[in-house]
Structure formats: C-alpha cells, structure tokens
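Chemist: Take the position in the sequence shown, starting the count at 1, then add 204; the result is the number in the numbering used here. For every residue, glycine included, the Cβ atom is placed at its ideal position computed from N, Cα and C. Note that the structure is a prediction, hence the values are computed from the model and not measured.
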Amino acid sequence: MKNNLIRYKNYHGSVNYSNDDFLYGKLEGILDLVSYEGHRDVESLKKAFKDTVDDYLDTCKDAGREPERPFKGTLNIWVSPWSRSKLWKKASPQQICRGNPRESKRIQAAAVMTFTALRSTNISARQRRPISLF
205 MKNNLIRYKN YHGSVNYSND DFLYGKLEGI LDLVSYEGHR DVESLKKAFK
255 DTVDDYLDTC KDAGREPERP FKGTLNIWVS PWSRSKLWKK ASPQQICRGN
305 PRESKRIQAA AVMTFTALRS TNISARQRRP ISLF
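Here it is, written out as structure tokens:
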C-alpha cells in the first residue's frame, strides 16, 4: 500500500480522490482546517499543496500569529508500572527513550516518556521497527 501523504516544509498533506475525477487533500496534524485540490494529475495536486502551505504561512504572518506546528505537544500514555518498566528496558539500549527505572515507583498511574530525537542519518533498520513490549 502506498503512502497517501505528501510533505513540504514539515507539513503533511493527505491525498484523496473524488468521484468527480479530481484530487484533493488537507493539511494533517494541525487544528486549523486548510484544504487544497488539484486537477486529475498528481503534479497539480503537489503544486496546490505547496502553494497552500506557503499561503497558510503568509496568512498567519499577516495576521500576527504563529502558524501551528504539525503534531506539536506531548503524548501521554497510561500504562501499568510493569509495562512501563518493560518499555524502558526495551527502549533504553536502543537509545530511543531516556528515563530512570527508579522513578517508575513515584509515577504510579501515568508514564510520560521523553523520546529522544532520532537522527535520520543514523537510524538503523532495527530502530525503525516498533518496540515489542511482550
């Protein structure tokens, strides 16, 4: 299955097909609703996407507000202390997350893991795979 996302300036856009024979999409990962459409070919959709991202950034600048950053914020996952410990043991040797296993006793109900930024040039195939807890 092909990926139905396009990317430009750290923004992701969806690619959809209409029954009326045109392509359309919207910016993903932000709360603002920003959409675009192309004709019947992918190149026109890509151009519309790039123009829309540039227009979104210009509009935010003109309005005096910061444009939304895609997927900003934190991800909080509620897991048991046992699962949190298992996750830390699997992720720590791969340098995917940092944490102190002793802290898990103080953080009983919630786990807030700080994931390190993976450098795209140094990501091995092993690090790209999901971590299996079990």
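Determine the direct distance from the alpha carbon of residue 278 to that of residue 293, and round the result to whole angstroms.
Modeler: Your numbering for residue 293 matches position 89 in the sequence shown. Your numbering for residue 278 matches position 74 in the sequence shown. Rounded to the nearest whole angstrom, the CA to CA distance from residue 293 to residue 278 is 21 Å.
Chemist: Can you look up residue 248 in the DSSP assignment and give me helix, strand or coil?
Modeler: Your numbering for residue 248 matches position 44 in the sequence shown. Residue state, collapsed to three classes: helix.
Chemist: Would you mind sorting residue 244 into buried or exposed? The rule is 16 or more other CB atoms within 10 Å of its CB.
Modeler: In the sequence shown, residue 244 corresponds to position 40, counting from 1. Around the CB of residue 244, fewer than 16 other CB atoms lie within 10 Å, so the residue is classed as exposed.
Chemist: Just how far apart, CA to CA, sit residue 236 and residue 264?
Modeler: Position 32 of the sequence shown, counted from the first residue, corresponds to residue 236. Position 60 of the sequence shown, counted from the first residue, corresponds to residue 264. Taking the straight line joining both Cα atoms gives about 11 Å.
Chemist: State yes or no: is the C-beta of residue 216 within less than 9 Å of the C-beta of residue 274?
Modeler: One-based indexing of the sequence shown puts residue 216 at position 12. One-based indexing of the sequence shown puts residue 274 at position 70. Taking a C-beta distance under 9 Å as the contact criterion, residue 216 and residue 274 qualify as a contact pair.
Chemist: According to DSSP, simplified to helix, strand and coil, what is residue 218?
Modeler: Numbered from 1 along the sequence shown, position 14 holds the residue referred to as residue 218. Three-state DSSP puts residue 218 in a strand.
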